[in-house]
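Scroll down for the structure; my scribbles are underneath it.
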Amino acid sequence: MSKVFVLDTNKRPLNPVHAGRARLLLKQGKAAIHRRYPFSIILKRAVEQPDLHPLRVKVDPGSQTTGLAVVNDASGEVVWAAELTHRGKQVKRALESRRVIRRSRRQRKTRYRKPRFDNRGKKKGTLPPSLESRISNVVTWVRRLLRLCEVSAISQELVKFDLQQLEQPDISGVQYQLGTLFGYEVREYVLLKGQHRCAYCDASSVPLELDHVHPRAKHGSNRVGNLVAACTPCNQRKSNQDVTEFLKDDPARLARILAHMKAPLKDVAAVNATRWALNARLKALGLPVECGSGGLTKYNRMRRGLPKTHWLDAACIGRSTPERLNVKGVMPLQIMATGHGKRQMCNVDRFGFPCSKPKGAKRVQGFQTGDLVRAVVTSGTKAGIYVGKVSVRTRGIFNIATAHGRVTDIHHRFCTLIGRSDGYTYQQRREAALPPSA
Ligand SMILES: [Zn+2]
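Set out below in structure tokens:
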């Protein structure tokens, strides 16, 4: 069961508690709700010397979705988990549309004007806004978790495979087989090097196997350089033929594969700028940051018999992963980044001309679009209780997006604020996230 974060009255984090206990504390009036998402309560008393169990925040950064998990290393319990969906594509699209509009505006009613491309410098290390947005999302959430529970360390998946392991000369023979940690590292390496495509037919999104280019039966070596990714049919067709024999009708591909095999290990390390930038930001938070490889994550996950989800991948990162990971009943919070609105002052038509009135004030009667409200309507056709995200209108008559659909035209005097808009929307899965067998 995902636990509930607890703060004392001075906002010092305490140990997270079971949801039932939190409910009791709230019912007895000993605590109040601090935040809805992630659900956290604040006690009405100070706790002098709390006996805290340090937790570990684990991050599996992805381009679209990042897995987050808070794990108690001592007990092996996953205390809380979430899946954070980024808005990299939206950021990119917004910038592209801005560029188009600006360009057309500059070209309207102008005679020839010199192009200006080189007059805007960027600081070294600046990432594109879409990537920057992803990193900021993750750092925001790690910081939030640091405020809600006692965290002693952070784990992050930094690389797909561990290059140092692959370069160890003394590893050979049986250790190449899948099922060992080394096997997983090799697999990640070969897949990345082959861009997740079959080397013989370029098929992608099919299950890929490792194939010995010079077959084992003909004394081909077990070195990583002798392996390529191949789909099952190709692998079976090739069987124990030598690659020169198998590809005698396709000399171009043969040459490509042979050249590919000679390419040194380091070229493939495919340094992922985003992940390293995230790593630097996490280190700046002042906690020890453990780095894991994708191969290790997968190895940990398979050994514990867990299905592939973002939050379970996060829980399995690094060597610190507890031998027994207790994930029973954990319901990951689904977090979607939405941003904080646009700076655009009014809507434009497809030619870039303004086609609406200037935007009104962001805040109306103390509410702003995206705030979480509870509306109690006592009379009329709309009578009822509605909880959800509000969208404000200048007249003070709002729409509310509830879990059961949108309710329109609710007067602001019926609404009470229960959470400020914070740039994210949330969904709490109701059913357990794991199949019963896991
Ligand atoms: Zn193939």
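Under my numbering, the first residue of the sequence shown is numbered 80, with each subsequent residue one higher. Note that beta-carbon positions come from the ideal geometry of N, C-alpha and C, so glycine has one too.
Residue i: first and last residue of the uninterrupted beta strand (DSSP E) it sits in
i      : result
GLY262 : Unbroken run through GLY262 is the alpha helix (DSSP H), 260 to 272; no beta strand (DSSP E).
PHE325 : Here PHE325 belongs to no beta strand (DSSP E); instead the alpha helix (DSSP H) covers 322 to 325.
ARG114 : 110 to 114
TYR505 : 503 to 507
SER470 : 463 to 470
GLY418 : Per DSSP, GLY418 belongs to no beta strand (DSSP E) and is neither H nor E.
THR164 : 156 to 164
ASP290 : 287 to 291
Assigned secondary structure, residue i (DSSP; H/G/I helix, E/B strand, else coil)
i      : result
SER119 : strand
VAL126 : coil
GLY484 : strand
ASN301 : coil
GLY99  : helix
THR448 : coil
VAL253 : Residue placement at VAL253 is flagged as unreliable, the pLDDT there being 46, under the threshold of 50; the coordinate-derived value follows with that caveat. In this structure, VAL253 counts as helix in the three-state DSSP scheme.
PRO248 : Because the pLDDT of PRO248 is 48, which lies under 50, any placement of that residue in the model is unreliable, and the number read from its coordinates should be weighed accordingly. Residue state, collapsed to three classes: coil.
GLN143 : coil
GLN107 : coil
ASN216 : helix
HIS132 : coil
SER209 : helix
PHE430 : coil
PHE493 : helix
ARG226 : helix
SER81  : coil
PRO515 : Unreliable positioning characterises PRO515 in this predicted model, as indicated by a pLDDT of 48, which lies under 50. The coordinate reading is nonetheless provided below. If DSSP states are grouped into helix, strand and coil, PRO515 belongs with coil.
ARG474 : coil
SER500 : coil
ALA296 : helix
VAL221 : helix
ARG453 : strand
ASN405 : strand
ALA435 : Note that residue 435 corresponds to Ser in the displayed sequence, not to Ala. Coil.
ASN198 : coil
ARG276 : strand
LEU366 : coil
Nearest residue (CA-CA) to residue i, options the options
i      : options                           : result
SER372 : THR400, LEU366 and LEU364         : THR400
ALA173 : GLN423, ARG472 and LYS441         : GLN423
VAL136 : LEU122, ASP152 and ILE121         : ASP152
ALA125 : LEU93, GLU175 and PHE446          : LEU93
ARG485 : VAL96, GLY475, ARG429 and ILE464  : ILE464
LYS123 : PRO117, LEU131, ASP130 and HIS113 : HIS113
GLY262 : ARG508, ASP241, ASN198 and SER470 : ASP241
VAL179 : GLY431, THR487 and LEU375         : GLY431
VAL455 : ILE396, HIS491 and GLY439         : HIS491
PHE118 : LYS106, PRO95, GLN128 and GLU127  : PRO95
PRO207 : ASN301, ASP197, GLN169 and HIS132 : GLN169
ASN295 : TRP220, ASN319, GLY365 and ASN314 : Note on identity: in this sequence residue 295 is Arg, with Asn being the wrong assignment. The shortest Cα separation from ARG295 among TRP220, ASN319, GLY365 and ASN314 belongs to ASN319.
GLN143 : LEU103, ARG332 and ASN216         : ASN216
GLN506 : ALA482, GLY146, ASN305 and ARG499 : ALA482
ALA278 : HIS339, GLY408 and VAL157         : HIS339
ARG403 : ASN478, VAL368, LYS272 and ARG380 : ARG380
VAL406 : ASP130, LEU134 and ALA160         : ALA160
ARG222 : ARG360, ALA331 and GLY155         : ARG360
VAL85  : ARG182, VAL149 and LEU227         : LEU227
PRO129 : ASP87, LYS438, GLN107 and ALA352  : ASP87
PRO367 : VAL269, LYS327 and ILE233         : ILE233
ARG472 : GLY420, GLY439 and ALA480         : GLY439
LEU104 : TYR116, ARG115, ARG91 and ILE120  : ILE120
SER231 : THR504, CYS395, ASP139 and HIS132 : HIS132
LEU287 : MET80, PRO312 and LEU364          : PRO312
MET415 : GLN444, ILE479, VAL303 and SER212 : SER212
PHE493 : ARG508, PHE446 and ARG102         : PHE446
Boundaries of the alpha helix (DSSP H) in which residue i is found, first to last residue
i      : result
LEU391 : 389 to 394
THR376 : 373 to 382
VAL179 : 167 to 186
LEU357 : 352 to 362
MET340 : 330 to 341
THR88  : Looking at the DSSP string, THR88 is not in any alpha helix (DSSP H), and its letter there is neither H nor E.
THR311 : 311 to 317
Near ligand 3: residue i beta-carbon under 7 angstroms from a heavy atom
i      : result
ARG184 : Among the ligands in the structure shown, ligand 3 does not appear; only ligand 1 can be found there.
8 angstroms Cβ cutoff, residue i in contact with chain B
i      : result
GLY498 : Reference to chain B is not applicable here, since this structure consists of a single protein chain.
Please list, following the chain, all residues that have a C-beta closer than 5 angstroms to any non-hydrogen atom of ligand 1. CYS277, TYR279, CYS280, ALA282, CYS310 and CYS313
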